[in-house]
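Novice:
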Amino acid sequence: MTIPDPIRHFLEATNAGDTEAFLDTFTSDASLSDWGRSFQGREQIAGWNQSDNIGVQSHLRIVRIAAAEGTYRVRIAVTGNGFNGEGDMTFTLHGDRIASLVIA
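The opening position of the sequence shown corresponds to residue 0 in numbering that gives the first Met the number 0, with each subsequent residue numbered one higher.
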């Protein structure tokens, strides 16, 4: 399956440590849920990015991706100075941006 551009840009920005490009992958009113912790809008997502993603030098690799009912479920392998291992990310896209990301 071809990786949708917003998801590909999300991974590329994270792996490059490019916070501005990372935040640009989200809609202005996007939501992010990380194991029940909720973040609404780019400002809160920027805080999550600093504490849990680029701020801990995360490197992301897609293990598998599947489209289902308007979403993309992506199994991600994570390495860095925070969480290390695999997890599922469910992306809902709006145009060329991410409207919702659920990490579980």
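The beta carbon of each residue, even a glycine, is placed where N, CA and C say it ideally should be. All values reported here derive from a predicted model rather than from experimental measurement.
Measuring CA to CA, which of D95, A12, T1 is closest to G52?
Specialist: What sits at residue 52 in the sequence shown is Asn, not Gly. The candidate whose alpha carbon is nearest that of N52 is A12.
Novice: Does the Cβ of N48 have 16 or more other Cβ atoms within 10 Å, making it buried, or fewer, making it exposed?
Specialist: Per the 10 Å Cβ criterion, buried.
Novice: I'd like to know if Q49 contacts chain D, where contact means its C-beta is closer than 9 angstroms to some C-beta of that chain.
Specialist: This model lacks chain D altogether; it includes just one protein chain.
Novice: Taking just the CA atoms, how far does V101 sit from D33?
Specialist: Cα-Cα distance, rounded: 6 angstroms.
Novice: Counting only the same chain and skipping the five closest in sequence on each side, list residues whose C-beta sits under 7 angstroms from that of F25.
Specialist: Correct list, in chain order: R41, I44, R96, I97.
Novice: How far does the alpha helix (DSSP H) with S50 in it reach, from first residue to last?
Specialist: Unbroken alpha helix (DSSP H) run through S50: 40-51.
Novice: In terms of residues, what are the limits of the beta strand (DSSP E) holding D28?
Specialist: Start and end: 25-33.
Novice: What's the C-alpha gap between I75 and S50?
Specialist: So the alpha carbons of these two residues sit roughly 18 angstroms apart.
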